[in-house]
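Enquirer:
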Amino acid sequence: MVLGEALEDASGETHGMLGLLGHSTSFAKRKMNLGYREARLRADCPLGPQGTLIRGHEFHYAQMSATGNDEPLADLADGQGNPLGASGYRRGHVSGTFFHAIARGESMIPNRRSASAKSRNRFSE
């Protein structure tokens, strides 16, 4: 939200934001967005190279009031894999989205657990 052009508060007053991305957000008409998400990156960014799968969630009451002209950051799907369309924005080295990233890829968490268990000699290879 803060990376965009403006934010409209619950009373309808608009506040200027950083303007690093072209979107605007609003709390004037509160709409709950909640759920697990999978995002496939459309381009290289700090979260990973193009095509990387990022898992996470959305939990917010704001909504986009203007999308701007920035490139989409990722293609989003719900927890069951149903497409939700493009999500987030990117411009140069700046990117932002309502999506809260938790882990990269399909096996990031299990691999870490396996490595931890191996280091404690809980099972042999």
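FYI, in the working numbering the residues of the sequence shown are 389 to 513.
Here a beta-carbon is modelled for each residue, glycine too, at the ideal position from N, C-alpha and C.
#1: Can you name, in chain order, every residue of its own chain whose Cβ lies under 6 Å from the Cβ of Arg443, other than the five neighbours on each side?
#2: Specify the secondary structure class of Pro527 as computed by DSSP and reduced to three states.
#3: I need the DSSP call for Arg430, collapsed to helix, strand or coil.
#4: Would DSSP call Glu389 helix, strand or coil?
#5: Identify which residue in Tyr449, Asp432, His411, Ala394 has its Cα closest to the Cα of Arg418.
#6: Shortest alpha-carbon distance to Tyr477 belongs to which of Gln451, Tyr424, Gly436, Gly456?
#7: My assumption, with CB atoms under 8 Å, is that Ala525 sits in contact with Pro471. Please give the rounded CB distance.
#8: Following the continuous beta strand (DSSP E) through Arg492, name the residue where it begins and the one where it ends.
Expert: Answer, in terms of the structure:
#1: Here residue 443 is taken as the residue at index 55 of the sequence shown, counted from 1. Glu426, Ile490, Ala491.
#2: An answer regarding residue 527 cannot be provided, because it is not within the stretch 389 to 513 covered by the chain.
#3: As a first step, residue 430 is located in the sequence shown; it is residue number 42 there, counting from the start. Coil.
#4: The residue labelled residue 389 in the question sits at position 1 within the sequence shown. As written in the sequence, residue 389 is Met, which differs from the Glu given in the question. Looking at Met389 - three-state DSSP - the assignment turns out to be coil, as it is neither helix nor strand.
#5: Translated into the one-based positions of the sequence shown, residue 418 becomes position 30. The option with the nearest alpha carbon to Arg418 is Tyr449.
#6: As a first step, residue 477 must be located in the sequence shown, where it is residue number 89. With distances taken between Cα atoms, Tyr477 lies closest to Gly456.
#7: This structure gives no information on residue 525, because the portion of the chain shown stretches from 389 to 513.
#8: Translated into the one-based positions of the sequence shown, residue 492 becomes position 104. Arg492 -> beta strand (DSSP E) spans 488-492.
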